[in-house]
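Note that the numbering used here has the sequence shown beginning at 1, numbered continuously upward. Positions of the beta carbon are idealized from the N, C-alpha and C atoms, including for glycine.
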Amino acid sequence: MEIKTDVVIVGTGVGGAFSALNLPEDKKILMITKSDLESSDSFLAQGGICVLRDDEDYEGYFEDTMRAGHYENRKESVDIMIRSSQEIIHDLIEYGVDFAKKDGNLAFTREGAHSRPRILFHEDITGKEITSKLLMHVKKRKNVQIHEYTTMTDIIVKNGKCAGILAKTADGEEMKIYAQDTIFASGGIGGRYQHSTNFPHLTGDALDISRKHGIRLEHLDYVQIHPTTLYSSKPGRRFLISESVRGEGAVLYNKDGERFVNELLPRDVVTKAIREQMEKKTERIMYGFPWKILIRIRSWSISQISVSGAGKKAMT
Numbered sequence: 001m002e003i004k005t006d007v008v009i010v011g012t013g014v015g016g017a018f019s020a021l022n023l024p025e026d027k028k029i030l031m032i033t034k035s036d037l038e039s040s041d042s043f044l045a046q047g048g049i050c051v052l053r054d055d056e057d058y059e060g061y062f063e064d065t066m067r068a069g070h071y072e073n074r075k076e077s078v079d080i081m082i083r084s085s086q087e088i089i090h091d092l093i094e095y096g097v098d099f100a101k102k103d104g105n106l107a108f109t110r111e112g113a114h115s116r117p118r119i120l121f122h123e124d125i126t127g128k129e130i131t132s133k134l135l136m137h138v139k140k141r142k143n144v145q146i147h148e149y150t151t152m153t154d155i156i157v158k159n160g161k162c163a164g165i166l167a168k169t170a171d172g173e174e175m176k177i178y179a180q181d182t183i184f185a186s187g188g189i190g191g192r193y194q195h196s197t198n199f200p201h202l203t204g205d206a207l208d209i210s211r212k213h214g215i216r217l218e219h220l221d222y223v224q225i226h227p228t229t230l231y232s233s234k235p236g237r238r239f240l241i242s243e244s245v246r247g248e249g250a251v252l253y254n255k256d257g258e259r260f261v262n263e264l265l266p267r268d269v270v271t272k273a274i275r276e277q278m279e280k281k282t283e284r285i286m287y288g289f290p291w292k293i294l295i296r297i298r299s300w301s302i303s304q305i306s307v308s309g310a311g312k313k314a315m316t
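This is the structure:
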């Protein structure tokens, strides 16, 4: 099968959907995803989304971001992210995203590496709320077609430039999708790990294809490991314990009932501390939920699981 379009977008999560909505409506857009629309990591995101609180918050937000990135961040990119955050939040609200409010104003919580609360959220399903609302609007666009269960296998190269992609459907049909512009928004590599909170089909296909064709990639060694999930000895995708739980006051204990790390440090620091404790104590880490914190936890799903214990639940 051959298809000609103006833009092909690989991925239908937040990145792909937001890209489609920001392209001119006179452009023909084709979006593909390896599974169904809801099986993207965007749907799994729990905690929330960061935003610049006010002009006085800029320096603190910038420093927090640079410190969390070990000062290897591209400063221009950090600046764009911070300065555009308020406009993007405004757009998301216009698309119907229902961020939590307190006394009629947007409510903020705090997460790791942030020096102040600047996280907007919707219960503990912020990713699902944002992605579903964006996809709802994408589906209304007459210029957008979506192909589920379609996997990119390569790019089409003409005269040294990308001219689209090769793809394969679930029933094995091969597709040539010619496009003036190609957007990769296909997620990460979590599916390659034995233990992961990500969907198993997210295996970094776009990265492999990019390396094959000499497309420049950066910092592939920087793989973020989320500190906390619900422990299970069984294989398969884990239930993620949102960082916002620690932002609300939950704490980490080792098997001796000792706190061993500031729970709001950057994720890589907290993860390293947990690993060291697990290797030293040969035990699972305990996550503390003081009862006053349980009352404040936004997540019905997380609090439901936690309350079933005796104030502590085994985590790793």
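Residue i by DSSP, collapsed to three states: which one?
i	result
G16	helix
N22	helix
Y222	coil
M175	strand
I119	strand
V157	strand
D36	coil
V228	What sits at residue 228 in the sequence shown is Thr, not Val. Note: T228 maps to coil in three-state DSSP.
L106	strand
G236	strand
Between the C-alpha atoms of residue i and residue j, what's the straight-line distance to the nearest angstrom?
i	j	result
I93	S42	17 Å
K75	G172	44 Å
P317	K158	Because the chain is modelled from 1 through 316, residue 317 falls outside the range shown and cannot be assessed.
C162	S84	29 Å
A250	E111	11 Å
I295	E248	Confidence at I295 is low in this model, with a pLDDT of 42, below 50, so the placement of that residue should be treated as unreliable; the coordinate-derived value is given next. So the alpha carbons of these two residues sit roughly 10 Å apart.
E2	G164	11 Å
D256	T109	30 Å
E174	D91	37 Å
D57	V223	28 Å
E87	Y193	35 Å
K280	S40	35 Å
H219	I9	23 Å
L264	Y61	15 Å
Q180	D103	48 Å
F121	H70	26 Å
I'd like to check one pair, residue j with residue i: are the Cβ atoms closer than 9 Å?
i	j	result
L37	E123	no
G127	V14	yes
N143	K27	yes
V78	M66	yes
L30	Q145	yes
I209	D154	yes
T228	I241	yes
T327	H213	The shown model of the chain, from 1 to 316, leaves out residue 327, and the question about it has no answer.
F199	R238	no
A100	A107	yes
T150	K234	no
A17	H201	no
T197	G190	yes
R246	Y253	no
G11	G204	no
A167	F184	no
E63	S115	yes
Could you tell me if residue i is buried or exposed, where buried requires 16 or more neighbouring beta carbons within 10 angstroms of its beta carbon?
i	result
A45	buried
I274	buried
P24	exposed
D54	exposed
R118	buried
V7	buried
A170	exposed
K140	exposed
Just to confirm the assignment, what range does the beta strand (DSSP E) spanning residue i have?
i	result
L252	V251 to Y253
L30	I29 to I32
H213	Note, H213: premise wrong, no beta strand (DSSP E); not H, not E.
E2	E2 to V10
What are the start and end residues of the alpha helix (DSSP H) that includes residue i?
i	result
V78	K75 to E94
H147	H147 -> not in any alpha helix (DSSP H); beta strand (DSSP E) instead, spanning V144 to H147.
E56	No alpha helix (DSSP H) holds E56; DSSP gives it neither H nor E.
L264	L264 -> no alpha helix (DSSP H), and no H or E assigned at all.
V138	T126 to K140
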